[in-house]
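A.B. asks: Take the sequence shown: its letters are residues 0 to 457, numbered as in numbering that gives the first Met the number 0.
Where is the CB? At the ideal position from N, CA and C, for every residue including glycine.
The structure presented is a predicted model; accordingly, all values stated were derived computationally and were not measured.
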Amino acid sequence: MKSLSSTGFAILGAALVAISYGLARFAFGLFVPQIRDALELTPYAIGIIGALPLISFLLSTVVAPFITDHLGARNTGVLSGLFGVGGLGLISQASDALMLGAGVFACGICTGLMMPALTAAMQAMVRRSLHGRVSSVMNAGTSIGVIVAVPTVLFMVGAWRLAYLSFAICTAVGVVAAWWFLPSVSRIVPSNAAPPPPLPELPWSRLVRLSLFAFVMGFVSSAYWIFAPDLVVTLGGLSPASTGWLWLAVGIAGLGGAVVADLADRNNPPITHALMLMMLAASLALLAASPAQTPLAAFSALVFGLAYMSLTGLYLMTGIRLLPGRLSVGPVLPFMAVSVGQATGSPVVGGLVNAFGYATAFSMFAALGILVAILSPFYPGHIEHGDDEEEQAAEEDTGLQAAYDHQLQNEEGEPLEDPEELEEQEALAEVSADAEASADASSEEDEADKSRNSSRSS
């Protein structure tokens with residue numbers, strides 16, 4: 000294993016997330032028009048296939064912490080990459096719906112295993128005080144992967160098999176990088192960290208509300224991720240190459256999602272959640288209303304990308320804050336709820352497209368998003384404290400980094416101090432101890448001298 004700096008690890012993590020999330024998972028919707036025509040698939044069949052990677056993502060996410068603990072970060076990352084290579088290779092050679100479904104199912108396993116592997120490696124290679132920043136950079140890798148997939152559509156029109164073969168080659172390079180750079184360690188927790196709170200003491204009402212909001216967001220967003228490119232081709236009459244501009248806009252806007260989510264958590268999470276969910280619903284309605292207008296379609300993709308990445312980042316921070324001390328559950332719980340929503344919504348929107356058409360189906364999903372956005376005052380915000388001083392401190396201690404700082408707590412329930420500060424305090428304590436020892440030794444020598452002098456005088 001080659002050692003990396005915190006910046007180097009953040010870049011490596013973003014690249015691996017770009018492969019596992021951007022290329023292996025979210026790029027599929029970009030190629031739906033070409034794959035549907037080549038394999039002669041119905042919208043309902045596409046909806047079922049589009050749900051398969053989300054189901055496999057959920058299944059792999061459940062077992063990922065145990066796999067990481069037993070295999071270590073490096074082997075788990077390599078295993079994730081191998082599933083990605085196999086899945087992308089199957090898609091590139093797919094001749095029917097069954098082979099295509101097997102490929103996207105394997106890609107979902109790749110997605111579910113990668114982030115736990117990177118989280119375990121981060122705890123071993125990156126100082127805890129930088130975990131939040133590094134995680135935000137890695138989370139942006141999804142948008143980077145979506146952006147990387149765009150040129151394959153713009154310049155390789157009709158060559159979706161070659162595009163997926165190139166994705167498989169990129170993933171193979173990622174496997175080598177994971178083997179070379181990730182440490183072969185399991186999840187690390189400081190020895191002075193207090194055990195996590197028992198299950199009965201967890202804020203279950205807040206966790207249930209968070210999961211429900213994340214589920215509905217995933218349900219609504221599934222329409223855009225799977226069927227937006229097919230909508231502008233079928234309903235708007237645009238060329239398949241023009242769908243690349245949609246995903247380019249989604250990726251570019253998504254890069255700002257981490258910043259917006261951090262600002263949202265610092266200010267008022269429920270209000271920001273309502274605004275972002277309204278924006279996501281508006282992006283669906285705008286695309287359904289103007290599918291033939293490329294500028295408006297691209298603008299809807301910008302709105303969708305910013306809203307989706309902002310919401311996922313907000314869910315991430317809320318899950319971390321509500322589950323202190325549970326490193327393997329806090330970031331995963333809301334993403335699992337989002338994936339369940341997407342897996343449920345994908346076949347539903349496919350059936351609605353078959354029954355009523357694209358415009359009506361997208362409008363129904365947009366209306367659902369607006370309805371749930373109205374209920375955002377019930378979104379779990381910051382945990383309230385007893386007195387004003389503690390409440391004021393809690394309001395100031397917000398944001399992505401603060402959420403990660405609260406993951407580990409000491410015996411008093413307070414966040415662990417920064418490792419650098421602990422080292423400085425230990426060093427000062429050692430210096431003080433040496434000084435006290437020297438002072439004691441000097442006083443003993445003085446007393447001994449006085450005793451000898453008095454003996455001589457006698």
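Can you tell me which of Leu285, Ala291, Leu247, Leu305 puts its alpha carbon nearest to the alpha carbon of histidine 272?
C.D. replies: Measuring from the Cα of histidine 272, the nearest candidate turns out to be Leu305.
A.B. asks: From isoleucine 47 to leucine 181, what does the alpha carbon distance come to, in whole angstroms?
C.D. replies: When rounded, the distance between both Cα atoms is 35 Å.
A.B. asks: Taking 9 Å as the cut-off, decide whether the C-beta atoms of alanine 13 and arginine 132 are in contact.
C.D. replies: No. Outside cutoff.
A.B. asks: Where does threonine 41 fall in DSSP's three states?
C.D. replies: Coil, per DSSP.
A.B. asks: Residues in its own chain within less than 6 Å of glycine 243 by CB, not counting five upstream and five downstream?
C.D. replies: Result list for glycine 243: Val149, Val152, Leu153, in chain order.
A.B. asks: Is alanine 17 helix, strand or coil when you go by DSSP?
C.D. replies: DSSP places alanine 17 in helix when its eight states are reduced to three.
A.B. asks: Count the other CB atoms within 10 Å of the CB of isoleucine 373; is the residue buried (16 or more) or exposed (fewer)?
C.D. replies: So isoleucine 373 counts as exposed.
A.B. asks: Alpha carbons only, please: which of Met124, Val172, Pro268, Asp229 is nearest the one belonging to phenylalanine 361?
C.D. replies: Of the candidates Met124, Val172, Pro268, Asp229, the one whose C-alpha sits nearest the C-alpha of phenylalanine 361 is Asp229.
A.B. asks: So, is threonine 41 buried or exposed, given that buried needs 16 or more other C-beta atoms within 10 angstroms?
C.D. replies: Classification of threonine 41: exposed, given that the 10 Å Cβ count is below 16.
A.B. asks: Just to check my reading of the structure: tyrosine 307 and glycine 140 have Cβ atoms closer than 8 Å, yes? What is that Cβ distance to the nearest angstrom?
C.D. replies: So it is not a contact: roughly 15 Å between Cβ atoms.
A.B. asks: Count Cβ pairs between the region 104-118 and the region 77-84 that sit closer than 8 Å; are there 3 or more?
C.D. replies: Flag = yes, the region 104-118 and the region 77-84 touch.
A.B. asks: Let's see if you can read the secondary structure: which residues bound the alpha helix (DSSP H) around arginine 160?
C.D. replies: Where arginine 160 is concerned, the enclosing alpha helix (DSSP H) stretches over 159-180.
A.B. asks: Does the separation of the CB atoms of alanine 213 and valine 337 fall below 9 Å?
C.D. replies: Yes, Cβ-Cβ distance for alanine 213 and valine 337 is below 9 Å.
A.B. asks: Please state whether DSSP places aspartate 68 in a helix, a strand or coil.
C.D. replies: Three-state DSSP puts aspartate 68 in a helix.
A.B. asks: Alpha carbon to alpha carbon, how far is valine 61 from arginine 459? Give it in angstroms, no decimals.
C.D. replies: The question about residue 459 has no answer here: the residues shown for the chain are numbered 0 through 457.
A.B. asks: Where in the region 208-274 do unbroken runs of the beta strand (DSSP E), each at least 3 residues long, occur, reported from the N-terminal end onward?
C.D. replies: Runs found: none.
A.B. asks: Determine the burial state of proline 376: buried for a count of at least 16 other Cβ atoms within 10 Å of its Cβ, exposed for fewer.
C.D. replies: With fewer than 16 other Cβ atoms within 10 Å, it is exposed.
A.B. asks: Would proline 333 pass as a contact of glycine 350 if the rule is Cβ separation under 9 Å?
C.D. replies: The answer is no: Cβ separation not under 9 Å.
A.B. asks: Could you spell out where the alpha helix (DSSP H) holding tyrosine 378 opens and where it closes?
C.D. replies: Unbroken run through tyrosine 378: none, as it is neither H nor E.
A.B. asks: According to DSSP, is isoleucine 96 part of a helix, a strand, or is it coil?
C.D. replies: Position check: residue 96 holds alanine in this sequence, whereas isoleucine was assumed. Helix.
A.B. asks: Let me confirm a value: threonine 75 is counted as buried when at least 16 other C-beta atoms fall within 10 Å, else exposed. Which label applies?
C.D. replies: Label assigned to threonine 75: buried.
A.B. asks: Are the CB atoms of leucine 3 and methionine 124 within a distance shorter than 9 Å?
C.D. replies: Cβ distance < 9 Å, so methionine 124 and leucine 3 count as in contact.
A.B. asks: Quick one: what does DSSP say valine 125 is sitting in, helix, strand or coil?
C.D. replies: The answer is coil: DSSP assigns valine 125 none of H, G, I, E or B.
A.B. asks: In terms of alpha-carbon separation, which member of Val31, Phe218, Ser204 lies closest to phenylalanine 364?
C.D. replies: Closest by alpha carbon: Phe218.
A.B. asks: Compute the Euclidean distance between the alpha carbons of leucine 87 and alanine 167, then round it to the nearest angstrom.
C.D. replies: Cα to Cα, the separation comes out at about 5 Å.
A.B. asks: Pick from Leu310, Gly253, Thr293: whose alpha carbon is nearest that of leucine 276?
C.D. replies: Residue Leu310 is the option with its Cα nearest to leucine 276.
A.B. asks: Under 9 Å, do glutamine 52 and arginine 24 count as touching if we go by C-beta distance?
C.D. replies: Here residue 52 is proline; the residue named in the question, glutamine, does not match the sequence. Yes.
A.B. asks: Would you call the CB atoms of alanine 366 and alanine 280 closer than 9 Å?
C.D. replies: A contact, by the Cβ cut-off of 9 Å.
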